[in-house]
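**Student:** Residue numbers (my numbering), protein chains in the order written: chain Y, 295 to 548; chain V, 269 to 568. If you scroll down you'll find the structure; I have some questions about it.
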Amino acid sequence: MPLLEIENLRRAFYGLEVLRGVDLAVAAGSITGLIGPNGAGKTTLFNVVSGLVPPDAGSVRFEGEEIGGWSPDRISRRGLVRTFQVARGFPKLSVFQHLMLYGRDQPGESLWRAVVGSRAAREREAVLAERAWQTARFLKLDHLIDNPATALSGGQKKLLEIGRALMAEPRLVLLDEPTAGVNPTLQNEIGERLLELPRRGITVLLIEHDMGFIARLCDPVIVMAEGEVLTEGTFDAVRADHRVREAYLGRRAA
Amino acid sequence: MLSYLLFIATIGGIYGLLALSLNLIWGGAGMVNLGLAGFFAVGAYASALLTTAGQAPIAAGWLVAFVAAGIAGLTVTLSTTRLREDYLAIVTLGFAEVVRLVAANEIWLTRGTDGISGIPGPWKRALGPDFNGVYFLIVLGVLLVVFFVVRRIDRAPYGRALRAIREDAQVAEVAGKNVLRFKTEAFALSAAIAGLAGALYGHFTSYIAPDLFLPLITVYIFLAVASGGTGRPAGALVGAYLVMALLESSRFFVEGIPGVTAVQRAALKELLIAVALIVVLRLKPSGVLPERIPPAPRSS
């Protein structure tokens, strides 16, 4: 059974069909790439799967359970976490607070326990703090741990996006252009970190425009164009497909 | 003079409670509540009616004020879940005006614009002239309890989630936070604190009327929180006393100016307050005690 299974997913905005019956599956333990020209519907697909936009029709199954139309927080707690193409976050919160926020099962988020204090809350906070430090070191953000997010560079913000998604202990992460606007050195580092995720039990589905990055990390690669899945396969197979070239370059150029 | 200072300190404490109430949701969750005066009024009327017409003990009045304003807060948030920030502000402003107009017109219950007088003060007869001092200590006690409660919330994971919601509610949802639960809980607690402040006010001055709950109070409290520092309970408290000090000291200041009429004097007083607050915010744009980022605990 695939970890994520999408069937005939449809979504239109003001009459414009952005997703026109998407079918795809993501195998557990894979780093699956999602590519396609601008306007193919990749980010909309992420928005629907993560619950920010409800689907018009079709099904989204995660670990065999239908999650289409669930609220974003419920999907997140279920084990499916996403990042954003343009790094988003909480400007006045520190790197540490970002990481802590994404920790699951926090007794200290109950109003009553916050007021009276609880041992469970303190213990959980200590465990998460240790994990936040580990995550920060893993992404080389530990020297910035008390800095507010607004003080980070674009590349560091992208790293923080990945870091906080990892803090949620997801089974699947959706990464929307994890290296957009990131310098090549940092891009390599992000790539190396992502390659370690399947070993930690985290499956990855990522959107990316950098084909070198896709070639190095992703197998399989899914190609979307005009709201549908065009083809799927290894990077080399997909690159050789004339339909893919047409979709990117236009029919005549190919 | 001492009795005047105690009076100011007590009213300042009640403003402090309102500032802590506003800071919890505005500084904490970014929710703009322009109806603070309404929740203040709900608490004041609930306790006043219960202890005069209802002849209940004062403590019961305070408890009911807290609960009644909390329920009012819950009702307002649950009926505005689909509204975003600016619209919530408008609805809460409307709510406060509705409360005031109901109080002015439902004469059978509230005695209308005549107001309710003879609201009992605790041990007032036995204390005699010492009443103001004792009441100040009561208000101070309540203020300290509320301060430590909201500061605990602020420093707990709960406060962290509220801040995240303030900065970007959608990303907070992606982080797995039930945004609606956090917002309704915080708003209800905030409204309850405002209600308790209202009850404390009524039993102190022994008289309440609809005119005491004009939107101007809400504006003062916003000024207090903004100048003291949003997102930090101690800042809200400092801001409340700062505004109180400005309101009172400006009165003495304008009295010393010769050759102006009473109307001009009142206008001059408002002008002085405005200038003073502009100066504070010019020098300290994030308030006197700005929000701080708590340092991460050192890793083992």
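For each residue, glycine too, the CB sits at the ideal point set by N, CA and C. The structure displayed is predicted, hence computed values, not measured ones.
Show which residues of chain V have a CB atom less than 9 Å away from the CB atom of Y/S388.
**Tutor:** Near Y/S388 (Cβ distances below 9 Å), the residues of chain V are I561, P562, P563 and A564.
**Student:** Could you pull out every unbroken alpha helix (DSSP H) segment of at least 4 residues lying fully inside the region 333-378 of chain Y, listed in chain order?
**Tutor:** 336-343 and 366-372
**Student:** Whole angstroms are fine: how far does the CA of V/S495 sit from the CA of V/L549?
**Tutor:** 6 Å
**Student:** Going along chain V in order, which residues have a C-beta closer than 8 Å to the C-beta of Y/L453?
**Tutor:** Here the premise fails: no neighbours, minimum Cβ distance about 16 Å.
**Student:** DSSP three-state call for Y/M295: helix, strand or coil?
**Tutor:** coil
**Student:** Using a beta-carbon distance below 7 Å, is Y/P385 in contact with chain V?
**Tutor:** yes
**Student:** For Y/R304, which three-state DSSP category applies?
**Tutor:** strand
**Student:** Reducing DSSP to helix, strand and coil, say where V/S385 ends up.
**Tutor:** strand
**Student:** By the 10 Å Cβ neighbour count, where 16 or more other Cβ atoms means buried, how is V/Q438 classified, buried or exposed?
**Tutor:** exposed
**Student:** As a quick exercise: from V/R420, V/T473 and V/T319, pick the residue whose alpha carbon is nearest that of Y/S412.
**Tutor:** V/R420
**Student:** I believe Y/G352 touches Y/E301 by the beta-carbon criterion, under 8 Å. Please report the beta-carbon distance rounded to the nearest angstrom.
**Tutor:** 6 Å
**Student:** For Y/E311, which of helix, strand or coil comes out of DSSP?
**Tutor:** Annotated three-state conformation of Y/E311 is strand, per DSSP.
**Student:** Can you give, in chain order, each stretch of the beta strand (DSSP E) that sits fully within the region 432-458 of chain Y and has at least 3 residues?
**Tutor:** Fully enclosed beta strand (DSSP E) runs of 3 or longer: not present.
**Student:** I need the DSSP call for Y/Y396, collapsed to helix, strand or coil.
**Tutor:** coil
**Student:** The alpha helix (DSSP H) that contains V/I339, what's its start and end?
**Tutor:** I326 to L346
**Student:** Beta strand (DSSP E) containing Y/E522: first to last residue?
**Tutor:** E522 to G527
**Student:** Hey, is Y/E357's beta-carbon within less than 7 Å of any beta-carbon in chain V?
**Tutor:** no
**Student:** Just how far apart, CA to CA, sit Y/E419 and Y/G358?
**Tutor:** 32 Å
**Student:** When the cut-off is 7 Å and only beta carbons count, does Y/R305 lie next to chain V?
**Tutor:** no
**Student:** Report yes or no: do the region 273-283 of chain V and the region 533-542 of chain Y share at least 3 C-beta pairs separated by less than 8 Å?
**Tutor:** no
**Student:** Along chain V, which residues have their Cβ under 8 Å away from the Cβ of Y/E471?
**Tutor:** Within chain V, no residue comes near Y/E471; the closest Cβ sits about 16 Å away, beyond 8 Å.
**Student:** Can you give me the C-alpha to C-alpha distance between Y/S447 and Y/L488, rounded to a whole angstrom?
**Tutor:** 20 Å
**Student:** Can you pull the chain V neighbours of Y/R442, defined as C-beta to C-beta under 9 Å?
**Tutor:** Residue identity check: residue 442 of chain Y is Pro in the sequence provided, not Arg. Ordered by position in chain V, the residues that pass the 9 Å Cβ test against Y/P442 are I561.
**Student:** On the three-state DSSP scale, how would you describe V/L557?
**Tutor:** coil
**Student:** List, in order along the chain, the chain V residues whose C-beta lies closer than 7 Å to that of Y/R425?
**Tutor:** Result: empty, since nearest Cβ-Cβ is about 10 Å, beyond 7 Å.
**Student:** Quick check for students: name the residue ranges of the alpha helix (DSSP H) that lie wholly in the region 451-522 of chain Y, counting only runs of 4 or more.
**Tutor:** 478-489 and 505-511
**Student:** Got a sec: which bits of the region 421-433 of chain V sit with their beta carbon under 8 Å from any beta carbon on chain C, in order along the chain?
**Tutor:** In the structure shown, chain C cannot be found, because the protein chains are Y and V.
**Student:** Excluding the 5 residues preceding and the 5 following Y/Q450 in the sequence, name in chain order all residues of the same chain whose CB lies nearer than 8 Å to its CB.
**Tutor:** L435 and L438
**Student:** Apart from the five residues just before and just after Y/E522, which ones in its own chain have a Cβ nearer than 6 Å to its Cβ?
**Tutor:** Once the five neighbours on either side are set aside, the close Cβ partners of Y/E522 are R314.
**Student:** Are three or more beta carbon pairs between the region 393-402 of chain Y and the region 421-434 of chain V nearer than 8 Å?
**Tutor:** yes
**Student:** For the candidate residues V/G362, V/L286, V/W294 and V/G389, whose alpha-carbon lies nearest to that of V/G329?
**Tutor:** V/G389
**Student:** Using only the alpha-carbon positions, how far apart do Y/E520 and V/R431 sit?
**Tutor:** 39 Å
**Student:** Would you check if the distance between the CB atom of V/G497 and the CB atom of V/P558 is smaller than 7 Å?
**Tutor:** yes
**Student:** Which same chain residues end up closer than 7 Å to Y/A548 when comparing Cβ atoms and leaving out the 5 residues on each side of it in sequence?
**Tutor:** Reliability fails at Y/A548, whose pLDDT of 44 lies under 50, so the model's placement of it is uncertain and no value is given.
**Student:** Between which two residues does the beta strand (DSSP E) harbouring Y/T326 extend?
**Tutor:** In the DSSP assignment, Y/T326 falls within the unbroken beta strand (DSSP E) covering I325 to I329.
**Student:** Can you check the region 473-533 of chain V for any beta strand (DSSP E) of at least 3 residues that lies completely inside it and give the ranges in chain order?
**Tutor:** none
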